[in-house]
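*Asks:*
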């Protein structure tokens, strides 16, 4: 006589618990801890180097924020990639989806965890930049600082980590996702720069080209226009939103081993 276990009355795992588990996973491994430490440490190192080589009047908050965006732009996407691919490379996906059968909730939890880590990196960069500005002694270190600077920098951080998450969802393999993330955008920028008839439309299709005005705006050298925002939105759709949706669809259909 076979017995059937009735689990209809079992409470589902709260979404907040799934998010906390995903956050804890980032620090559970040595690689994860090193990556988290590297994000903060290398960000501080870049700012220290700029502090030492820049003139006193160049040590303004916007410049320090712009400097911070470079290392974090490389490392935050890797963090997003590892949040996804570690499940498949370490063969823990079966356990994860057995405990939390809803793949939509699991992917959403990973996404929220990635965004939280992006906000944490943003906060660390802002604090280090503020300290460096105070120590830098520039007479107008915080002059002209507006909420727009913070919003744009935060948006940049979150977009980069989501881009890494998207590549991780599509490929489900750590080395392949990391290599693709670094090679594909660089190849795109080279093609748009070398092919004459493509250079005019590059800001609408190449993410790196579209983000250039964003970087210069941190130091107050250029103000973003409506066209700049439209170009950022279009390239984000091409390089981040669509790959993310494709990756989400793949995970929903992927065979768990």
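Numbering (the working numbering), first residue to last: 363 to 619. Every residue, glycine too, gets a C-beta built ideally from N, C-alpha and C. Predicted, not measured: the structure shown is a model, and the values here were computed from it.
Check whether the Cβ atoms of residue 437 and residue 479 lie closer than 8 angstroms to each other.
*Replies:* The sequence position of residue 437 within the chain shown is 75, counting from 1. The sequence position of residue 479 within the chain shown is 117, counting from 1. Not in contact: residue 437 and residue 479 (Cβ atoms no closer than 8 angstroms).
*Asks:* If you check the beta carbons only, do residue 580 and residue 394 fall under 8 angstroms apart?
*Replies:* One-based indexing of the chain shown puts residue 580 at position 218. One-based indexing of the chain shown puts residue 394 at position 32. The answer is no: Cβ separation not under 8 angstroms.
*Asks:* Relative to the alpha-carbon of residue 446, which residue among 574, 490 and 384 has its alpha-carbon at the smallest distance?
*Replies:* Taking the first residue of the chain shown as 1, we reach residue 446 at position 84. Checking every option, the nearest Cα to that of residue 446 belongs to 384.
*Asks:* When burial is assigned at 16 or more other CB atoms within 10 Å of the CB, is residue 605 buried or exposed?
*Replies:* Residue mapping note: residue 605 aligns to position 243 of the chain shown, counting from 1. Buried, by the Cβ-count rule.
*Asks:* Answer with buried or exposed for residue 501, where buried requires no fewer than 16 other C-beta atoms within 10 angstroms of its C-beta.
*Replies:* Looking up residue 501 in the chain shown gives position 139. Under this definition residue 501 is an exposed residue.
*Asks:* Cα separation between residue 561 and residue 545?
*Replies:* Position 199 of the chain shown, counted from the first residue, corresponds to residue 561. Position 183 of the chain shown, counted from the first residue, corresponds to residue 545. Rounded to whole angstroms, residue 561 to residue 545 spans 19 angstroms at the Cα level.
*Asks:* Starting from residue 467, trace the alpha helix (DSSP H) both ways and give me its first and last residue.
*Replies:* Against the chain shown, residue 467 aligns to sequence position 105. Looking at the DSSP string, the run of the alpha helix (DSSP H) that includes residue 467 is 465-498.
*Asks:* Less than 8 angstroms between the beta carbons of residue 542 and residue 572, yes or no?
*Replies:* Along the chain shown, one-based indexing puts residue 542 at 180. Along the chain shown, one-based indexing puts residue 572 at 210. Their beta carbons are not under 8 angstroms apart, which means residue 542 does not touch residue 572 by this criterion.
*Asks:* Which residues bound the alpha helix (DSSP H) around residue 503?
*Replies:* Along the chain shown, read from residue 1 onward, the residue named residue 503 stands at position 141. Here residue 503 belongs to no alpha helix (DSSP H), and DSSP marks it neither H nor E.
*Asks:* Taking 8 angstroms as the cut-off, decide whether the C-beta atoms of residue 576 and residue 586 are in contact.
*Replies:* On the chain shown, residue 576 is found 214 positions in, with the first residue counted as 1. On the chain shown, residue 586 is found 224 positions in, with the first residue counted as 1. Yes.
*Asks:* Leaving out five residues on either side along the sequence, give the residues of the same chain with a beta carbon under 6 angstroms from the beta carbon of residue 536.
*Replies:* Sequence index remark: in the chain shown, residue 536 carries index 174 (1-based). 447 and 451.
*Asks:* Check for me: the alpha helix (DSSP H) holding residue 552 runs from which residue to which?
*Replies:* Your numbering for residue 552 matches position 190 in the chain shown. From DSSP, the alpha helix (DSSP H) with residue 552 extends over 536-556.
*Asks:* Find out if the Cβ-Cβ distance for the pair residue 511, residue 595 is shorter than 8 angstroms.
*Replies:* In the chain shown, the residue the question calls residue 511 occupies position 149. In the chain shown, the residue the question calls residue 595 occupies position 233. Not in contact: residue 511 and residue 595 (Cβ atoms no closer than 8 angstroms).
*Asks:* Applying the criterion that 16 or more other CB atoms from any shown protein chain within 10 Å of the CB defines a buried residue, is residue 550 buried or exposed?
*Replies:* Position 188 of the chain shown, counted from the start, is the residue given in the question as residue 550. Looking at its Cβ environment, which holds 16 or more other Cβ atoms inside 10 Å, residue 550 is buried.
*Asks:* For residue 486 and residue 589, I'd like the C-alpha separation in whole angstroms.
*Replies:* Position 124 of the chain shown, counted from the first residue, corresponds to residue 486. Position 227 of the chain shown, counted from the first residue, corresponds to residue 589. Straight-line Cα distance between these residues: approximately 31 angstroms.
*Asks:* Alpha carbon to alpha carbon, what distance is there between residue 417 and residue 602?
*Replies:* Counting from 1 along the chain shown, the entry for residue 602 is found at position 240. Counting from 1 along the chain shown, the entry for residue 417 is found at position 55. So the two alpha carbons sit approximately 37 angstroms from each other.
*Asks:* Starting from residue 376 and walking both ways along the alpha helix (DSSP H), at which residues does that stretch end?
*Replies:* As a first step, residue 376 is located in the chain shown; it is residue number 14 there, counting from the start. Segment: none, residue 376 is in no alpha helix (DSSP H) and carries neither H nor E.
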